[in-house]
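Asker: I am attaching a structure below and will ask some questions about it afterwards.
Protein chains: 2
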Amino acid sequence: MASYKDKGIKMTPQRMAIMEFLDGNPDHPSAEDIYMEVKEKYPMMSFATVYKTIEVLKSRGYLLELTIDPERRRYDPDTRHHHHLICVDCKKIVDIYGDFPVNVPEEAQESFELVGNHIEFYGICPECKKERRKNNGNIQM
Amino acid sequence: MASYKDKGIKMTPQRMAIMEFLDGNPDHPSAEDIYMEVKEKYPMMSFATVYKTIEVLKSRGYLLELTIDPERRRYDPDTRHHHHLICVDCKKIVDIYGDFPVNVPEEAQESFELVGNHIEFYGICPECKKERRKNNGNIQM
DNA sequence: TCTATCTCAATAATGATTATCCTTAAATAA
DNA sequence: TTATTTAAGGATAATCATTATTGAGATAGA
Numbered sequence: 001m002a003s004y005k006d007k008g009i010k011m012t013p014q015r016m017a018i019m020e021f022l023d024g025n026p027d028h029p030s031a032e033d034i035y036m037e038v039k040e041k042y043p044m045m046s047f048a049t050v051y052k053t054i055e056v057l058k059s060r061g062y063l064l065e066l067t068i069d070p071e072r073r074r075y076d077p078d079t080r081h082h083h084h085l086i087c088v089d090c091k092k093i094v095d096i097y098g099d100f101p102v103n104v105p106e107e108a109q110e111s112f113e114l115v116g117n118h119i120e121f122y123g124i125c126p127e128c129k130k131e132r133r134k135n136n137g138n139i140q141m
Numbered sequence: 142m143a144s145y146k147d148k149g150i151k152m153t154p155q156r157m158a159i160m161e162f163l164d165g166n167p168d169h170p171s172a173e174d175i176y177m178e179v180k181e182k183y184p185m186m187s188f189a190t191v192y193k194t195i196e197v198l199k200s201r202g203y204l205l206e207l208t209i210d211p212e213r214r215r216y217d218p219d220t221r222h223h224h225h226l227i228c229v230d231c232k233k234i235v236d237i238y239g240d241f242p243v244n245v246p247e248e249a250q251e252s253f254e255l256v257g258n259h260i261e262f263y264g265i266c267p268e269c270k271k272e273r274r275k276n277n278g279n280i281q282m
């Protein structure tokens, strides 16, 4: 989401700060993550503004909403088609690029008009692997 | 989730009603869907009981929680590994069985310990296709 | 049947998200 | 630059799904 200027979005310091934070951000932040971070620079920032800006960016196609984490919605500024790998422990999300040959069976193809797909990979990230090993020393899981 | 009896779950009429409703149910109902339906038979049913029963079933592995619909959590009594096709209009979810050759790239494999995957297919269901055609006659989208 | 324990139901609490409403700032054109 | 229009910001209330609490009642095993 490189050029906001000429997209018909009214620019404000708040929006610029949010967009700047999101641009190229690989962390799939939640609304709260965005709020917390941007408030550092702009202490007058309101939570409502974060949600409203998310809505604008989403509706214009500059931001994807991820429904991976059941606790909260998370956002991805990379709008290219890609997939995600999520740590089942800490919920960290990393991007997975690549084409996977996934075609639904005939019967579904006939009735539904397919428009896309998204693969969620589940795993345990390096940090949580370490954490688990440590805990296995004392606590049994 | 055929045999609840010998799973160490204390049986009550409420739980039996919920389990009966879920057993073989292909609709991926939400907590509210379950509540609404089961309340017909058991008007004294409380919403809290639905959530608690869901929790018990989930923790014992008899029920999967789907994080596909950003509005609400939905539940799947089919705990076999399978995938889902969701209608982007009405959010109807249908099961997709089949093995898909999806392997994450090397770099992710090295760091993460993979434990599973889930493919979400997006499409437009027959009913919504019809609805869209109808609307295109008058309203432009 | 008795009793310890678990479950129920009602309701309060929480947490994320959305809506409201008035003020203020940005864009556009004179 | 300034005036005017229009949309955005901020504070806060409202909403909605989900979770926690608690006293009363039911269940299962002795």
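As given, the protein sequences belong to chains A and B, one line each in that order. First residue of the first sequence: 1, per the numbering used here; consecutive thereafter. First residue of the second sequence: 142, per the numbering used here; consecutive thereafter. The beta-carbon is built from N, C-alpha and C at its ideal position, and this holds for glycine as well.
Okay, do the region 197-204 of chain B and the region 236-254 of chain B touch, 3+ Cβ pairs below 8 angstroms being the bar?
Answerer: The answer is no - the region 236-254 of chain B does not touch the region 197-204 of chain B, with fewer than three Cβ pairs under 8 angstroms.
Asker: If distances are taken between C-alpha atoms only, which option among B/207, B/225, B/271 and B/205 comes closest to residue 105 of chain A?
Answerer: To locate residue 105 of chain A, count along the first sequence from 1; it is residue 105. The candidate whose alpha carbon is nearest that of residue 105 of chain A is B/225.
Asker: For residue 170 of chain B, count neighbouring C-beta atoms within 10 Å of its own C-beta (all shown protein chains included) and say buried if the count is 16 or more, exposed if not.
Answerer: What you label residue 170 of chain B is simply residue 29 of the second sequence in a count that begins at 1. Burial call: buried.
Asker: Nearest by alpha-carbon distance to residue 127 of chain A: which of A/103, A/115 and A/87 is it?
Answerer: What you label residue 127 of chain A is simply residue 127 of the first sequence in a count that begins at 1. Answer by Cα proximity: A/87.
Asker: Flag residue 262 of chain B as yes if its beta-carbon sits less than 8 angstroms from any beta-carbon of chain A, otherwise no.
Answerer: Your numbering for residue 262 of chain B matches position 121 in the second sequence. It does: the Cβ of residue 262 of chain B has a partner Cβ on chain A nearer than 8 angstroms.
Asker: Please report how far the alpha carbon of residue 140 of chain A lies from the alpha carbon of residue 216 of chain B, in whole angstroms.
Answerer: On the first sequence, position 140 is the one that residue 140 of chain A refers to. On the second sequence, position 75 is the one that residue 216 of chain B refers to. Its pLDDT being 38, under 50, residue 140 of chain A is placed unreliably by the model, and nothing is read from it.
Asker: What is the DSSP secondary structure of residue 3 of chain A, reduced to helix, strand or coil?
Answerer: For the purposes of this step, residue 3 of chain A is identified with residue 3 of the first sequence, where counting begins at 1. Annotation note: pLDDT 47 at residue 3 of chain A (below 50); position unreliable, coordinate value reported separately. Residue state, collapsed to three classes: coil.
Asker: Return the CA-CA distance between residue 81 of chain A and residue 100 of chain A, expressed in angstroms with no decimal places.
Answerer: To locate residue 81 of chain A, count along the first sequence from 1; it is residue 81. To locate residue 100 of chain A, count along the first sequence from 1; it is residue 100. So the two alpha carbons sit approximately 11 angstroms from each other.
Asker: Out of A/36, A/113, A/43 and A/119, which has the shortest C-alpha to C-alpha gap to residue 274 of chain B?
Answerer: Looking up residue 274 of chain B in the second sequence gives position 133. It is A/113 whose Cα lies nearest to the Cα of residue 274 of chain B.
Asker: For the beta strand (DSSP E) containing residue 254 of chain B, list its first residue and its last residue.
Answerer: For this step, residue 254 of chain B is matched to residue 113 along the second sequence. Counting along the chain, the beta strand (DSSP E) containing residue 254 of chain B begins and ends at 254-265.
Asker: Thinking just about the alpha-carbon of each residue, which of B/187, B/206 and B/183 is nearest to the one in residue 219 of chain B?
Answerer: Position 78 of the second sequence holds residue 219 of chain B. Comparing Cα positions, the closest option is B/206.
Asker: Skipping 5 residues on each side, what residues in its chain have a beta carbon closer than 7 angstroms to that of residue 210 of chain B?
Answerer: By 1-based counting over the second sequence, the position of residue 210 of chain B is 69. Within the same chain, residue 210 of chain B has close Cβ partners 232.
Asker: Taking the CB atoms as reference points, tell me whether residue 34 of chain A and residue 9 of chain A lie closer together than 8 angstroms.
Answerer: As a working note, residue 34 of chain A is residue 34 in the first sequence. As a working note, residue 9 of chain A is residue 9 in the first sequence. It is not a contact, given that the beta carbons lie outside the stated cut-off.
Asker: Kindly list, in the order they appear in chain B, the residues whose Cβ is closer than 7 angstroms to that of residue 130 of chain A.
Answerer: For the purposes of this step, residue 130 of chain A is identified with residue 130 of the first sequence, where counting begins at 1. Those do not exist, as residue 130 of chain A stays about 11 angstroms from chain B at its closest Cβ, beyond 7 angstroms.
Asker: From residue 111 of chain A to residue 265 of chain B, what distance separates their C-alpha atoms?
Answerer: If you number the first sequence from 1, residue 111 of chain A lands on position 111. If you number the second sequence from 1, residue 265 of chain B lands on position 124. Their Cα atoms are separated by approximately 9 angstroms.
Asker: What's the C-alpha gap between residue 52 of chain A and residue 20 of chain A?
Answerer: The residue labelled residue 52 of chain A in the question sits at position 52 within the first sequence. The residue labelled residue 20 of chain A in the question sits at position 20 within the first sequence. One C-alpha to the other measures close to 16 angstroms.
Asker: For residue 50 of chain A, I'd like the list of residues in its chain whose CB is within less than 6 angstroms of its CB, leaving aside the five on either flank, ordered along the chain.
Answerer: Position 50 of the first sequence holds residue 50 of chain A. Here the set comprises 31, 34 and 35.
Asker: What does DSSP give as the partner residues of residue 89 of chain A in its beta bridges?
Answerer: For the purposes of this step, residue 89 of chain A is taken as residue 89 along the first sequence, with counting starting at 1. Residue 89 of chain A is not bridged to any residue.
Asker: Interface residues of chain B around residue 98 of chain A at Cβ under 7 angstroms?
Answerer: Translated into positions along the first sequence, residue 98 of chain A becomes position 98. Under the 7 angstroms cutoff, chain B gives 246.
Asker: When you compare the CB positions of residue 119 of chain A and residue 258 of chain B, do they come within less than 8 angstroms of one another, or not?
Answerer: Along the first sequence, one-based indexing puts residue 119 of chain A at 119. Along the second sequence, one-based indexing puts residue 258 of chain B at 117. Yes, the pair counts as a contact, with Cβ atoms nearer than the cut-off.
Asker: Within a Cβ cutoff of 8 angstroms, which residues of the same chain sit near residue 42 of chain A, ignoring the five residues on either side of it in sequence?
Answerer: Translated into the one-based positions of the first sequence, residue 42 of chain A becomes position 42. Around residue 42 of chain A: 13, 14 and 17.
Asker: Cβ of residue 68 of chain A less than 8 angstroms from any chain B Cβ?
Answerer: Here residue 68 of chain A corresponds to residue number 68 of the first sequence, with the count starting at 1. It does; some Cβ of chain B falls within 8 angstroms.
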